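To start, the structure under review is shown below, and the notes come after it.
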Amino acid sequence: MIESLSLVDQYCHGVLRTELGLGTFEAQLGGRVGPAAPGTTFFDTQTGFAVRRWCPPLLGLEAHCPPAHYLARRRELGVLESGRRLLRSTGVTTYLVDTGLPGELTGPGEIAAAGAADAREIVRLEPLAERVADASCGVADLLSRLAESVHDAAATAVAFTSVAGVRHGPALAPEPPAHAEVRAAAGHWLTVRGPGGPLDDPVLLRHLLWLALGSGLPLQLHTGARDARAPAGGADPALVTAFASATAGLGTDLVLLGAYPYHRHAAHLTSVFPHVYADLGPALAHTGARAAAVLAEILELAPFGKLLFSSGARALPELHVVGARVFREALVRVLGGWVADGAWSLTDARRVAEMIAAGNARRLYGLSDGRGQP
Amino acid sequence: MIESLSLVDQYCHGVLRTELGLGTFEAQLGGRVGPAAPGTTFFDTQTGFAVRRWCPPLLGLEAHCPPAHYLARRRELGVLESGRRLLRSTGVTTYLVDTGLPGELTGPGEIAAAGAADAREIVRLEPLAERVADASCGVADLLSRLAESVHDAAATAVAFTSVAGVRHGPALAPEPPAHAEVRAAAGHWLTVRGPGGPLDDPVLLRHLLWLALGSGLPLQLHTGARDARAPAGGADPALVTAFASATAGLGTDLVLLGAYPYHRHAAHLTSVFPHVYADLGPALAHTGARAAAVLAEILELAPFGKLLFSSGARALPELHVVGARVFREALVRVLGGWVADGAWSLTDARRVAEMIAAGNARRLYGLSDGRGQP
Amino acid sequence: MIESLSLVDQYCHGVLRTELGLGTFEAQLGGRVGPAAPGTTFFDTQTGFAVRRWCPPLLGLEAHCPPAHYLARRRELGVLESGRRLLRSTGVTTYLVDTGLPGELTGPGEIAAAGAADAREIVRLEPLAERVADASCGVADLLSRLAESVHDAAATAVAFTSVAGVRHGPALAPEPPAHAEVRAAAGHWLTVRGPGGPLDDPVLLRHLLWLALGSGLPLQLHTGARDARAPAGGADPALVTAFASATAGLGTDLVLLGAYPYHRHAAHLTSVFPHVYADLGPALAHTGARAAAVLAEILELAPFGKLLFSSGARALPELHVVGARVFREALVRVLGGWVADGAWSLTDARRVAEMIAAGNARRLYGLSDGRGQP
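Protein chains in written order, with the UniProt record's numbering: chain A, 1 to 374; chain B, 1 to 374; chain C, 1 to 374.
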């Protein structure tokens with residue numbers, strides 16, 4: 001029954017439109033800019049092994065075949081057809097797509113078409129602010145356009161997302177910055193940046209978070225330790241706790257993305273704060289054969305209504321496949337095991353599986369259930 | 001054999017004396033002041049599922065029956081009779097009861113009677129200080145009465161407990177505060193507080209911890225991340241390490257309560273410091289179907305003579321039941337598995353089970369073994 | 001096949017040359033200076049149970065026999081013969097031996113002879129600096145001799161190691177200290193220390209780390225929480241992250257030793273930084289029956305080319321045995337389980353097993369494969 005469950009992928013990116021060689025494909029597996037260490041390859045990771053387990057059969061090859069065979073077959077079918085076959089195998093009926101990454105990735109419309117599914121947009125705050133700054137003349141103009149852009153984006157997006165939590169931990173200071181502080185930071189930023197210059201001012205990042213909170217849309221915060229560029233301590237769960245405390249009772253929900261290896265802390269926060277939810281994405285998709293064990297840890301303290309499936313995939317449709325397959329497998333193993341032990345009833349297990357796979361996301365983001373019902 | 005082991009519940013509270021509706025019962029499951037998030041319920045947690053697994057059969061119903069059926073049956077039997085049936089199923093022969101919580105909970109005598117067991121008192125330091133302050137005139141009087149009250153309490157109590165570790169992390173500064181500091185803090189507190197005003201001054205909290213250390217009774221410290229009111233970083237194991245270092249060699253033992261998700265750190269501290277013990281309570285009782293996995297993690301570094309069973313239960317006798325059942329199940333599964341693998345001998349497994357269930361607590365708190373032997 | 005895998009033990013110490021009584025043996029099990037808590041024994045730990053499981057049969061006794069029987073038999077055979085039997089059972093073909101511990105432990109040559117294996121030296125930086133200081137006259141002399149000694153050691157050693165990471169967290173400030181700072185610190189140290197006085201100045205420790213980095217040999221950093229003398233926060237993975245950032249791209253590799261309970265953080269760092277490797281030693285050897293579970297956690301994010309077996313053993317050859325046995329068992333269980341589930345192919349599992357057991361260490365340290373091939 002879990003095998004046929006439809007999924008809402010509540011956080012992912014688009015895929016590349018170009019054919020990929022072995023090296024380019026491998027780099028995307030690691031999710032890194034740089035190469036693997038001499039004598040090693042990112043294929044020798046749980047993600048690499050999971051891709052080799054699940055994807056070759058979808059393109060007509062043996063599971064675990066050598067990467068070079070797989071990529072040859074992928075090129076033979078073409079990037080469009082292989083992407084279509086891969087995405088349509090996932091059972092995802094709605095993709096929520098973060099469109100804010102640089103690079104040539106497909107948008108929500110293309111994902112929806114390739115995957116024969118619905119897709120909605122998640123707006124990433126930092127690039128939105130950078131586009132606004134490129135078009136602004138002066139501080140007052142920048143700040144009013146920022147507010148307007150966040151407001152406009154909220155009309156069509158399902159959520160906002162920010163990586164400020166990881167890259168600028170102290171930006172998660174609990175309170176919104178004072179107006180004078182924001183004006184000063186905006187003036188400084190406009191002075192020092194060139195066109196396209198990145199937003200890395202902690203005060204402006206906090207200002208953006210609070211603008212987004214004002215929209216009422218769920219706010220997805222990147223946490224955890226995945227990002228090498230995160231300053232030391234940026235993944236500290238104590239920072240997230242302080243921000244969760246400051247935003248309690250405002251009526252806007254927070255979704256913690258990527259908390260691993262602090263996923264138990266994230267789960268605990270979902271039990272303490274009514275407005276805090278936790279994403280399962282990378283914690284499962286990147287741990288492959290270990291996903292069931294990690295899922296089980298998250299299920300220790302989290303209320304079952306507070307957890308959300310995602311793939312966290314980007315660039316390779318193989319990662320969308322791995323996210324979905326690994327999640328289903330983990331759910332069957334963990335919940336099935338508890339039913340077999342008598343710890344959970346079968347009815348409860350089915351109900352909880354549906355909640356985590358799609359129901360919680362539908363409720364949180366106000367999505368219909370595919371039969372026209374919200 | 002583990003199924004019939006008698007238990008010392010080394011940290012719990014009393015139960016409510018009134019009949020409970022579905023909403024009140026659910027709120028106690030979450031251990032929270034506020035409600036669950038919209039569209040969710042605290043019944044959909046490991047604790048909720050564990051209650052539904054273990055308790056209905058004790059009142060003559062099917063396991064996993066709907067919560068409303070269970071509560072109807074509970075009211076039909078009455079709060080006294082259902083409490084008696086529940087508590088007597090636990091196999092606990094001695095309850096150590098923290099009597100310092102506000103609210104109408106039964107005391108050690110009532111728990112002993114309902115559970116057909118022994119019960120002893122754990123004195124919580126903060127409310128003791130607040131009662132003393134209500135009756136004191138001036139700083140000198142407050143400080144001498146505090147010392148006297150701690151001394152008097154030590155005559156009958158088996159242990160002291162404090163939540164200062166969680167709510168005021170920096171209060172765990174290693175050294176005792178200087179006398180002048182304590183006098184100043186006491187003066188300030190008496191000035192600003194009204195009758196019943198809570199103790200939240202870090203200097204006075206440290207002073208209280210050191211008064212309790214002077215008594216020689218074991219001191220139970222609330223650690224870990226369970227409490228939403230904990231300041232950011234309050235659960236940091238580094239704070240506990242510093243306090244353990246400062247108190248080594250004094251002759252007073254420390255018991256770390258509720259360290260989850262830092263339970264491996266707590267276990268490690270028990271291996272480093274002869275005077276540090278770790279409680280298993282909430283780490284097992286709140287994780288339900290996952291308790292065996294969490295217990296196994298704690299058993300990685302902790303010497304087996306340093307671990308203590310508890311339920312950590314409060315308000316609902318169902319939570320005393322869950323604590324005991326989940327612990328027994330976890331012990332059977334973990335130790336039984338190691339015996340089956342040949343990693344442990346059966347004799348050792350039985351001996352360790354008895355130590356953790358009751359023997360370590362009897363030795364630490366100077367309890368008799370129920371046959372009149374200390 | 002894993003049962004017969006040859007191992008490179010990439011971090012261990014020598015063994016004691018004297019006969020041991022029950023008390024001395026027990027103290028070494030705990031790895032502690034002090035005694036166990038009253039009423040407890042270090043035999044009642046995972047390490048103690050693992051010794052009793054694996055070692056008695058190697059000396060002709062039943063597994064799990066009482067410690068006193070085992071020690072009697074050990075004395076009967078003599079420390080040399082029992083050491084030989086124990087070490088030769090491990091399947092280790094190359095020992096990398098940290099020779100910098102005080103106390104009468106055998107050196108690489110003796111280990112090699114007793115174990116019928118190769119042995120190479122790891123040079124510990126702190127005692128090297130202390131020996132240099134004993135022989136130096138003045139700051140300039142000390143600093144030039146230090147540089148010379150590190151350079152000379154690099155000619156024969158396979159790696160350097162330092163405990164500065166644990167004992168002096170802030171010493172891991174990312175950048176090398178300025179020359180004037182180093183001169184001042186050296187002057188102060190020479191003034192206050194007596195002969196043999198320990199190196200605990202954070203500036204000099206950082207200077208030593210950067211001298212070692214300049215040699216190009218892999219640098220092994222003690223991390224994690226094993227050491228009671230570590231200052232609070234010394235095990236914080238954020239400190240290691242900052243040092244890894246600062247040393248990226250220099251061409252020198254770092255090996256994180258003993259990161260447990262932060263082993264998932266260490267594994268993550270190996271995935272982010274091409275020059276960071278992680279040791280498995282104490283995380284497995286000290287957790288005994290739980291080693292498979294801990295190994296599986298490390299295998300979540302770490303690229304398989306970045307993990308290195310070790311025993312971390314010191315003083316007792318029993319600990320070398322436990323390290324090797326527990327590792328093999330864990331590898332069979334974890335990788336074998338994934339093959340049985342279809343998550344990994346058998347070919348991949350064999351290849352990864354060989355990499356972690358020996359291949360990665362051979363590549364990193366430039367060791368031959370025992371058939372004369374580098």
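Positions of the beta carbon are idealized from the N, C-alpha and C atoms, including for glycine. On a predicted model such as this, the values are computed, not experimentally measured, just so you know.
Problem - Three-state secondary structure (DSSP) of arginine 124/C - result: In the three-state DSSP reduction, arginine 124/C falls in the strand class (E or B).
Handout entry: Proximity test, Cβ basis, 9 Å: tryptophan 54/C and chain A
Key = It does not: the Cβ of tryptophan 54/C has no partner Cβ on chain A nearer than 9 Å.
Exercise for the section: With distances taken Cα to Cα, identify the nearest neighbour of alanine 36/B among Glu354/A, Phe273/A, His320/A and Gln10/A. Expected result: Comparing alpha carbon positions, the residue from Glu354/A, Phe273/A, His320/A and Gln10/A closest to alanine 36/B is Phe273/A.
Problem - Own chain residues within Cβ distance below 7 Å of serine 82/B, not counting five before or after - result: Leu59 and Arg74, listed in sequence order.
Handout entry: Reduced DSSP category for histidine 69/B - H, G, I as helix; E, B as strand; rest coil
Key = Per DSSP, reduced to three states, the secondary structure at histidine 69/B is helical.
Exercise for the section: Please list the segments of the alpha helix (DSSP H) lying wholly inside the segment 308–340 of chain B, counting only runs of 4 or more residues, in order along the chain. Expected result: The segment 308–340 of chain B contains, as complete alpha helix (DSSP H) runs of 4+ residues, the segments 317–340 (chain order).
Problem - Minimum Cβ-Cβ distance from phenylalanine 243/A to chain C less than 9 Å - result: No, no contact with chain C.
Exercise for the section: Within its chain, find whatever has a CB closer than 8 Å to the CB of tryptophan 338/A; leave out the 5 residues flanking it on each side and keep chain order. Expected result: Cβ within range, chain order: Trp344 and Ala349.
Exercise for the section: Name the residue from Ala113/B, Tyr11/B and Val334/B whose alpha carbon lies nearest to the alpha carbon of leucine 80/B. Expected result: It is Ala113/B whose Cα lies nearest to the Cα of leucine 80/B.
Exercise for the section: Provide the residue span of the beta strand (DSSP E) that contains leucine 221/C, from first to last. Expected result: For leucine 221/C, the enclosing beta strand (DSSP E) covers residues 219–222.
Practice task
May I ask you to verify whether the segment 274–292 of chain A touches the segment 195–211 of chain A, counting CB pairs closer than 8 Å and requiring at least 3?
Solution key: The segment 274–292 of chain A is not in contact with the segment 195–211 of chain A.
Practice task
Mind checking who alanine 50/C pairs with in its DSSP beta bridge?
Solution key: Secondary-structure assignment with DSSP links alanine 50/C through no beta bridge to anything.
Handout entry: chain B residues whose Cβ lies nearer than 7 Å to that of valine 338/A
Key = Reading off the sequence shown, one finds tryptophan at residue 338/A, where the question assumed valine. Neighbours of tryptophan 338/A in chain B, taken as residues at a C-beta separation under 7 Å, are given in chain order as Ala289.
Problem - Three-state class that DSSP yields for alanine 358/A in the structure shown - result: Here alanine 358/A sits in helix by DSSP.
Practice task
Give a yes or no on whether 9 Å exceeds the smallest Cβ distance from phenylalanine 304/C to chain B.
Solution key: Closer than 9 Å: no.
Exercise for the section: Could you tell me whether the segment 242–259 of chain C touches the segment 195–202 of chain C, where touching means 3 or more Cβ pairs closer than 8 Å? Expected result: Taking one beta carbon from each stretch, the segment 242–259 of chain C and the segment 195–202 of chain C have fewer than 3 pairs nearer than 8 Å; the two do not touch.
Exercise for the section: Would you check if the distance between the CB atom of valine 163/A and the CB atom of serine 149/A is smaller than 9 Å? Expected result: Against a cut-off of 9 Å, the Cβ pair of serine 149/A and valine 163/A comes out as no contact.
Exercise for the section: Keeping to the same chain, check which residues put their C-beta closer than 6 Å to that of valine 240/A; ignore five residues upstream and five downstream. Expected result: Thr223.
Practice task
State the Cα-Cα distance for the pair alanine 230/C and leucine 269/B, rounded to the nearest angstrom.
Solution key: Any answer about alanine 230/C is weak, because its pLDDT of 46 lies below 50 and its placement is not dependable; what the coordinates show is given next. Alanine 230/C and leucine 269/B have their alpha carbons spaced roughly 12 Å apart.
Problem - the segment 308–318 of chain C in contact with the segment 52–70 of chain A per 3-pair CB rule at 8 Å - result: Touching, no, given that fewer than three Cβ pairs across the two stretches are closer than 8 Å.
Problem - Alpha carbon of proline 174/B to alpha carbon of valine 8/C, nearest angstrom - result: The straight-line gap separating the alpha-carbon atoms of proline 174/B and valine 8/C is approximately 43 Å.
Practice task
Step through the CB atoms of chain B and report whether any lies within less than 9 Å of the CB of proline 202/C.
Solution key: Chain B contact via Cβ: absent.
Handout entry: CB-CB length for threonine 93/A against lysine 306/C, believed under 8 Å
Key = A Cβ-Cβ separation of about 38 Å leaves threonine 93/A out of contact with lysine 306/C under the 8 Å criterion.
Practice task
Just mark glycine 194/A as buried or exposed, buried being the case when its beta carbon has 16 or more other beta carbons within 10 Å.
Solution key: Glycine 194/A comes out exposed.
Problem - Minimum Cβ-Cβ distance from histidine 222/A to chain C less than 9 Å - result: Any Cβ of chain C closer than 9 Å to the Cβ of histidine 222/A would place that residue at the interface, and such an atom is absent.
Exercise for the section: List the residues that DSSP assigns as beta-bridge partners of cysteine 12/C. Expected result: Answer by DSSP bridge pairing, in chain order: Val97/C.
Exercise for the section: Measure from the C-beta of proline 176/B to each C-beta in chain C and report whether the shortest distance is under 9 Å. Expected result: When Cβ-Cβ separations below 9 Å define contact, proline 176/B makes no contact with chain C.
Handout entry: Given glutamate 110/C as reference, the closest of Leu101/C, Arg124/C and Tyr95/C once Cα atoms are compared
Key = In this structure, Tyr95/C is the residue among Leu101/C, Arg124/C and Tyr95/C with its C-alpha nearest to the C-alpha of glutamate 110/C.
Exercise for the section: Would you verify that the beta carbon of histidine 286/B is, or is not, closer than 9 Å to some beta carbon of chain A? Expected result: It does: the Cβ of histidine 286/B has a partner Cβ on chain A nearer than 9 Å.
Practice task
Below 8 Å CB to CB, which residues in the same chain sit around phenylalanine 42/B once its five sequence neighbours on both sides are set aside?
Solution key: Glu26, Ala27, Leu29, Gly30, Arg32, Ala36 and Gly48.
Practice task
Pull out every residue of the segment 50–84 of chain B whose Cβ sits closer than 7 Å to any Cβ of chain A, in chain order.
Solution key: Answer set for the segment 50–84 of chain B: Arg53 and His64.
Exercise for the section: Measure the alpha-carbon distance for glycine 196/A versus glycine 138/A and round it to whole angstroms. Expected result: If I take the Cα positions, the gap works out to 16 Å.
Exercise for the section: For the segment 151–162 of chain C and the segment 174–184 of chain C, state whether three or more C-beta atom pairs, one from each stretch, are separated by less than 8 Å. Expected result: No, because fewer than three Cβ pairs between the segment 151–162 of chain C and the segment 174–184 of chain C fall closer than 8 Å, the two stretches do not touch.
Exercise for the section: Could you work out which residues of chain A lie near phenylalanine 327/B, taking near to mean beta carbons separated by less than 8 Å? Expected result: At a C-beta separation below 8 Å, phenylalanine 327/B has no neighbours in chain A, since its nearest C-beta there lies roughly 14 Å away.
Handout entry: Backbone CA spacing between glutamine 10/C and histidine 207/C [nearest angstrom]
Key = Their backbone Cα atoms lie some 25 Å apart in a straight line.
Practice task
Label glycine 323/A either buried or exposed according to how many other C-beta atoms from any shown protein chain fall within 10 Å of its C-beta, with 16 as the threshold for buried.
Solution key: The Cβ neighbour count for glycine 323/A, taken over all protein chains shown within 10 Å, is at least 16; the residue is labelled buried.
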